[in-house]
Amino acid sequence: MVSPVQFKFMLRLLAENIFQLHLQLTTLGLTMALVGFDSAAQLMLLSALFSGASLVQKLLQYSSTILDIFHQLEKPIHLKVILFLATVATVVLVSYAALKFAALGWCAQYLLNVTGCVVLDV
Numbered sequence: 015m016v017s018p019v020q021f022k023f024m025l026r027l028l029a030e031n032i033f034q035l036h037l038q039l040t041t042l043g044l045t046m047a048l049v050g051f052d053s054a055a056q057l058m059l060l061s062a063l064f065s066g067a068s069l070v071q072k073l074l075q076y077s078s079t080i081l082d083i084f085h086q087l088e089k090p091i092h093l094k095v096i097l098f099l100a101t102v103a104t105v106v107l108v109s110y111a112a113l114k115f116a117a118l119g120w121c122a123q124y125l126l127n128v129t130g131c132v133v134l135d136v
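Per the numbering used here, the sequence shown runs over residues 15 to 136.
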């Protein structure tokens, strides 16, 4: 059984890694838009790939733990709702990070936000 402290740590770890990945991809896109794909952008790309792989590994590692916790929670029902919403938010944010990564190839200025490809007026 997972303690509440371990569960909070797991959710915090995932949230921090998702934020880091989004920040890396945004920085990479800005660098590529402003100075091109130079050696710094190559290192940023490599760092983002490692962060993404680490995040996916953690998600796979924690998926069975999340399911176990979900099935162990009986009352109060709001804890199940919170766990479900946190899981959905994690999946959505990881999917958005994957889209931002893909946008490095299909957007003219390498950046994507929720409305589509970003157009920089620089």
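Note that beta-carbon positions come from the ideal geometry of N, C-alpha and C, so glycine has one too. Treat the numbers as computed from the prediction; the structure is a model and nothing was measured.
- For Q75, the enclosing alpha helix (DSSP H) covers residues 53 to 86.
- When secondary structure is reduced to three states using DSSP, G130 falls in the strand class.
- Going by DSSP, L125 is part of no alpha helix (DSSP H) at all; its letter is neither H nor E.
- Shown here, G43 sits in a helix according to DSSP, grouped into three states.
- When Cβ pairs closer than 8 angstroms are counted between the two stretches, the stretch 46 to 63 is seen not to touch the stretch 90 to 107, the count staying below three.
- Between the C-alpha atoms of V128 and L107 there is a straight-line separation of about 11 angstroms.
- A contact between stretches requires three or more CB pairs, one per stretch, nearer than 8 angstroms, and the stretch 98 to 105 fails this requirement with the stretch 60 to 68.
- Remark: C-beta atoms of L28 and A62 do not approach each other more closely than 9 angstroms.
- Contact between A111 and L57 does not hold, since their C-beta atoms are separated by about 19 angstroms, which reaches or exceeds 8 angstroms.
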